[in-house]
Amino acid sequence: MLPPAGLERLNAFSDGVFAVLITVLVLELRPPEIPTFVALLGLWPTWLSYGVSYLFIAIVWANHHHLLRHAKESSARLMWYNFAHLFSVSLLPLATAWMAVSELSPQPVAFYAGVFFLVNLTYIFLIRELIEPLPVETIPPGVRKAMRIRSIATLCLFGLAAAVALKYPVAGLAICCCCLAVYLRPEAPGTRNPA
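The structure is reproduced here in structure tokens:
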């Protein structure tokens, strides 16, 4: 059974935004002016920022894609929550570039963690819109609870990462990376695939 046309458009638009964001992220990469491996290694903050951001966008896309599989129709509220989610993700290339150029300075890393916080917050709105109304047979209460705990715990950790980064930027970035690991598997254990 094909999804309604409105959902197809929502998915296609969202996928296009993610593709553009990855492209913009790549376009920010610049080679060193000196043609040596030492010069290339000297750009480690840029490569680290890019790598984490690329992984972050991939994880966000996988989780977003997984959530939208549960949508039955494209409501106005779903569209606006989706736009809010995509807007927060669209801040990532700016945050990445600032963090890389500053060589992991405190305020840019805190801003970067703040972007992660916004992305996670808007993801919670999508969960409420798409998962909460589903019948218990589709997603059992235990799985819903696990999704809520995971999203609220990581939201708090991203907020903590932003605060920690103001004093210890590398520690703040490390907290963000740990949170990403929690979302490598989009579905919570016990979730059935939607029909």
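Taken in order, the sequence shown gives residues 1 to 195; the numbers are from the numbering used here. Glycine residues also receive a C-beta, built at the ideal position from the N, C-alpha and C atoms. Being a predicted model, the structure only gives us computed values, none of them experimental.
key: Contact the segment 20 to 40 vs the segment 69 to 77: 3+ CB pairs below 8 angstroms   = no
Neighbourhood of R9 by C-beta distance below 8 angstroms, restricted to the same chain and skipping five residues each side = Start at 1 with the first residue of the sequence shown, and residue 9 comes out as number 9. So the list reads S74, once near-sequence residues are dropped.
request  = Return yes when the Cβ of K145 is within less than 8 angstroms of the Cβ of P106, no when it is not.
outcome  = Numbered from 1 along the sequence shown, position 106 holds the residue referred to as residue 106. Numbered from 1 along the sequence shown, position 145 holds the residue referred to as residue 145. No, the pair does not count as a contact, with Cβ atoms beyond the cut-off.
Secondary structure, beta strand (DSSP E): runs of 3+ residues fully inside the segment 3 to 34 = Runs found: none.
task = Taking only the alpha-carbon atoms, compute the straight-line gap between S151 and F37 and give it to the nearest angstrom.
result = Reading the sequence shown from its first residue, position 151 is the one you call residue 151. Reading the sequence shown from its first residue, position 37 is the one you call residue 37. Answer to the nearest angstrom: the Cα atoms are 40 angstroms apart.
request  = Note down the Cα distance separating L48 from Y112, rounded to an integer number of angstroms.
outcome  = Working through the sequence shown from its first residue, we reach residue 48 at position 48. Working through the sequence shown from its first residue, we reach residue 112 at position 112. In a straight line, the C-alpha of L48 is about 13 angstroms away from that of Y112.
task = Compare the C-alpha of A174 against each of T154, A161 and F56 and name the closest.
result = Residue mapping note: residue 174 aligns to position 174 of the sequence shown, counting from 1. A174 has its Cα closest to that of A161, out of T154, A161 and F56.
task = Would you identify the three-state DSSP class for I139, choosing helix, strand or coil?
result = Position 139 of the sequence shown, counted from the first residue, corresponds to residue 139. It is coil, neither helix nor strand.
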